[in-house]
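Okay, structure coming up:
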């Protein structure tokens, strides 16, 4: 019995010893592999460091300035989140629209402007300091006035295909829905600076959109084609253009009403609301080309870059995303196209990476959907006769 017990104990010791030896050997092998891997990784890093830096060959052709343009990046200097209602004065605003706009914007750093296209009345402005006091690069929202200009000049129609990359060809509807930069860079080159400058001024760039709004910026339009990227960058990203939320809202309102560019007015009391009378800045001869641009803006909301703005009623919209002075910008310019009352809604987001056009579109979409749920569009705008459309002298 003692011999049997001793034999069993010996076997257990031998087995445990073998397992420990095997584990130690496996550990050494594993450790050895790790050292080899580390050595190989270090060698590859040294090889990469010794490689000569070959300069990129500059691209040539009609879009060479656009293709070789510098695109700025971060780090971001503006916060992504903030109380965007701080300092706002709400007297004279449509409080129903304002409540929905404030809730839709939430804690994001940005601004919302809502305008009645029928008369140019500003219904609400969330973050008035941002909306009135500064101008920003329009990013891809500039593609709307570029499209209006190209169609007005007869350079294209909405079905004209333009080659963008390789064998890919797009018409205006698809290019607007995708926000294709190459397509609109081509249009910018075809238009040239003089024609683009003419239409930009006509559409309200470089002048105040509002009438007697204290502190309103007039934005800016360059005196020549941008040095960075030429007309291609101007027509696809809005290079060197300073656009205010009010300017984009005025253009969206003009598209919604068939071409009347109103002075935007901002009543600041109930008395001013009751005595409100619209003022026409000028009538734009774009009635025939608006449907072709709207088709692309509808497509952007239905299946393009602005899908987050989708609502039961048709929404026409254009997103914009770019970086200016280390600040990410997210734009969305839009208007609804159904019901008894139309609205033009513009959203601008500033800050870090969340500040993008699709996010701005989502905020506008929430505004449209919430107001539709409250039956807001069934209420008619106040009718005005031609005699009440008092046009002041240009300033």
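Numbering (our numbering), first residue to last: 330 to 724. Yeah, the Cβ is synthetic: ideal placement off N, Cα and C, and Gly gets one too.
| Asked | Found |
| --- | --- |
| Inter-stretch contact at 8 Å, needing at least 3 Cβ pairs: the segment 564 to 575 / the segment 597 to 608 | no |
| Contact belief for residue 538 with residue 583 at Cβ below 8 Å, rounded distance in angstroms | About 10 Å separates the two Cβ atoms, so there is no contact after all. |
| Helix, strand or coil at residue 510 [DSSP, three-state] | helix |
| Classification of residue 552 by the beta-carbon crowding that lies within 10 angstroms, buried from 16 upward | exposed |
| Residue 480, enclosing alpha helix (DSSP H) - first and last residue | 472 to 481 |
| Residues that residue 515 bridges to, as DSSP identifies them | According to DSSP, residue 515 bridges with nothing at all. |
| Where the alpha helix (DSSP H) containing residue 692 begins and where it ends | 686 to 702 |
| Distance CB(residue 456)-CB(residue 439) smaller than 8 Å | yes |
| Cβ-Cβ distance between residue 504 and residue 513 below 8 Å | yes |
| For residue 409 and residue 684, believed in contact at Cβ under 8 Å, the rounded distance | 6 Å |
| 8 Å Cβ cutoff met for residue 698 and residue 640 | yes |
| Separation of residue 437 from residue 412, as counted between CA atoms | 8 Å |
| Where the alpha helix (DSSP H) through residue 559 begins and ends | 559 to 566 |
| Alpha-carbon spacing of residue 471 relative to residue 478, whole angstroms | 11 Å |
| 8 Å Cβ cutoff met for residue 560 and residue 518 | yes |
| Touching by the beta-carbon criterion (3+ pairs, under 8 Å), the segment 413 to 431 and the segment 445 to 454 | yes |
| Inter-residue spacing [alpha-carbon to alpha-carbon] between residue 608 and residue 589 | 10 Å |
| Euclidean distance between Cα positions of residue 618 and residue 587 | 10 Å |
| Nearest neighbour of residue 606, chosen from 614, 612 and 593 [CA to CA] | 593 |
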